[in-house]
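Before any comments, here is the structure.
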Amino acid sequence: MANEWKGKSKGTVLGYKIFVFFIKNLGIRSAYFLLYFVAGYYCFFSKYSTKSIYYYFKRLSYSKLKCIFSIYKSYYIFGQMIIDKVAISSGLGKNFTYDFDGGDNIKKAINQKKGGIFISSHVGNFEIAGHFFSNIDNNRIINLLTTDVEHLEIKTYLESVTLKSNIKFILVSDDFSHIFEIRSALERNEIICMTGDRYIKNSKYLTQVLLAKEARFPEGPFLLALKLKVPVLFVYVMKERNSHYHLYARNSNVRYKDVDELFKSYVKNLEWILSKYPFQWFNYFDFWNDFEN
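Residues in the sequence shown are numbered consecutively from 21, following the numbering used here.
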């Protein structure tokens, strides 16, 4: 089916190297300037992702002209977030300001000493969440669950040019060995961060209406969160200005045996965050299966 995510994200090590060069030698603003051209390139030459995000903006009832400008803005903001991630990881975090909305929820989860599972989406700049958490608990290890091997190659490169981080990666594997890694991390009272919005072909899924049309979501993150019986929060890190971010951490407030309730709560929370930050949806694939209609 057309709406299945292929398990790989856009972005290459070469692309990151170019941005790192600009950031370190010419500053963050120069890297932002480069994005004006990069965003335009993707608008014209990344037809599949451009078509996908166009349908997303149509789902927000935007006019055709507004959709076109919104596509460019989406690519530009996405590029800014990549630059910000590299800059913050390189020790330039003091150049950014932050708001915490729900920091007490994170503290309460950590204080239970069971670890915790934070579920997010490909919305905002979730990968810098660890830098927020360090302001709450500087010694807390953050584990990002990922299905993207290329993502790990980028992570390896970034480790060679950035400061030591308390963020680790756990790769989802076919032999389910990642489950044991997750359990071990939780036993050490560490945090597991995962996204709940990308369904992969041949995996189990749940369906729910998002922005007025039914979509598929992976069952795994929600089932795993409840089976492990640890605190579950919905967490988003959203960009508000060039150098300002806002973290939202919301309790799931669901019973441990009700996967459907947790899932519906997640989708409702996702729709709420999209209403506030419509240009920070970064699922550049046919999420709602619009291409076949």
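Even for Gly, the Cβ is constructed at its ideal location relative to N, Cα and C. The structure displayed is predicted, hence computed values, not measured ones.
### Task
Return yes when the C-beta of Glu281 is under 7 Å from any heavy atom of the ligand FAD, and no when it is not.
The ligand FAD is not part of this structure, which contains no ligands at all.
### Selected residue, minimal CA-CA separation from Leu290, among Arg270, Leu165, Leu46 and Asp278
Arg270 is the residue among Arg270, Leu165, Leu46 and Asp278 whose C-alpha sits nearest the C-alpha of Leu290.
#### Entry: Contact between the region 38-50 and the region 66-75 (3+ Cβ pairs under 8 Å)
When Cβ pairs closer than 8 Å are counted between the two stretches, the region 38-50 is seen not to touch the region 66-75, the count staying below three.
### Query
Of all the options Tyr256, Ile199 and Phe200, which has the alpha carbon lying nearest to the alpha carbon of Asp121?
Comparing Cα-Cα distances from Asp121 to each of Tyr256, Ile199 and Phe200, the minimum goes to Tyr256.
### Residues sharing a beta bridge with Val257, DSSP
Val257 is bridged to Leu267.
### Message
Can you tell me whether Gly111 is buried or exposed? The criterion is at least 16 other CB atoms within 10 Å of its CB, across all chains shown.
### Response
It counts as exposed.
### Message
For Thr215, list the residues DSSP reports as bridge partners.
### Response
Answer by DSSP bridge pairing, in chain order: Ser140.
### Query
Smallest Cα separation from Ile202: which of Ser295, Asp195 and Ile190?
Taking each of Ser295, Asp195 and Ile190 in turn and checking the Cα distance to Ile202, the smallest one comes out for Ile190.
#### Entry: Nearest-angstrom Cβ-Cβ length linking Tyr265 and Asn145, presumed shorter than 8 Å
The distance from the Cβ of Tyr265 to that of Asn145 is about 7 Å, consistent with a contact at the 8 Å cut-off.
### Task
Measure the beta-carbon distance from Leu230 to Glu239 and round it to whole angstroms, keeping in mind my assumption that it falls under 8 Å.
Between Glu239 and Leu230 the Cβ distance is about 16 Å, and since that is not below 8 Å, they are no contact.
### Query
Could you give the distance in angstroms between the alpha-carbon of Trp301 and the alpha-carbon of Ile91?
Going from the Cα of Trp301 to the Cα of Ile91 covers about 11 Å.
### Query
Of all the beta strand (DSSP E) runs that stay within the bounds of the region 75-132, which reach a length of 3 or more residues?
Taking 3 residues as the minimum length, the beta strand (DSSP E) runs contained wholly in the region 75-132 are 117-121, in order along the chain.
### Query
Can you give the beta carbon distance from Thr167 to Ile220, rounded, assuming they're within the 8 Å contact cut?
Contact annotation, Thr167 with Ile220: C-beta distance approximately 7 Å; criterion of less than 8 Å satisfied.
### Query
Along the chain, where does the beta strand (DSSP E) that runs through Pro238 open and close?
Where Pro238 is concerned, the enclosing beta strand (DSSP E) stretches over Lys233 to Pro238.
### Query
For Thr227, which of helix, strand or coil comes out of DSSP?
DSSP places Thr227 in strand when its eight states are reduced to three.
### Task
Check Asn45 in the structure and name its three-state DSSP category.
In the displayed model, Asn45 falls within a helix according to three-state DSSP.
### Query
With which residues is Leu294 paired in a DSSP beta bridge?
None; Leu294 has no bridge partner.
### Task
To the nearest angstrom, report how far apart Tyr61 and Ser272 are at their CA atoms.
Rounded to the nearest angstrom, the two C-alpha atoms are 39 Å apart.
### Task
Please name the residue or residues paired with Met301 in a DSSP beta bridge.
It is Trp, not Met, that sits at residue 301 in the sequence shown. Answer by DSSP bridge pairing, in chain order: Val143.
### Message
If I follow the unbroken beta strand (DSSP E) through Phe189, where does it start and stop?
### Response
Looking at the DSSP string, the run of the beta strand (DSSP E) that includes Phe189 is Ile187 to Leu191.
### Message
Pop quiz: Ala245 and Leu282 are said to be a contact at Cβ under 8 Å. What is the actual Cβ separation, rounded to whole angstroms?
### Response
Yes, they are in contact, since the Cβ atoms of Ala245 and Leu282 sit about 7 Å apart, within 8 Å.
### Message
To the nearest angstrom, how far is the alpha carbon of Tyr76 from that of Lys296?
### Response
Cα to Cα, the separation comes out at about 15 Å.
### Query
Out of Ala235, Asn209 and Ser223, which has the shortest C-alpha to C-alpha gap to Gly135?
If we check each option's Cα against that of Gly135, Asn209 comes out closest.
### Task
Look at the alpha carbon of Phe242 and the alpha carbon of Asn303, and state the distance between them as a whole number of angstroms.
C-alpha of Phe242 to C-alpha of Asn303: approximately 19 Å in a straight line.
### Element boundaries [alpha helix (DSSP H), containing Leu206]
Segment Ser197 to Glu207, the alpha helix (DSSP H) holding Leu206.
### Query
Are Tyr286 and Ile139 closer than 8 Å when you measure CB to CB?
Yes, the pair counts as a contact, with Cβ atoms nearer than the cut-off.
### Query
Which term fits Tyr95, buried or exposed, when burial requires 16 or more other beta carbons within 10 angstroms of its beta carbon?
Around the beta carbon of Tyr95, a 10 Å sphere encloses 16 or more other beta carbons of the protein chains shown; the residue is thus reported as buried.
### Where Asn163 sits in the DSSP three-state scheme
Note: Asn163 maps to strand in three-state DSSP.
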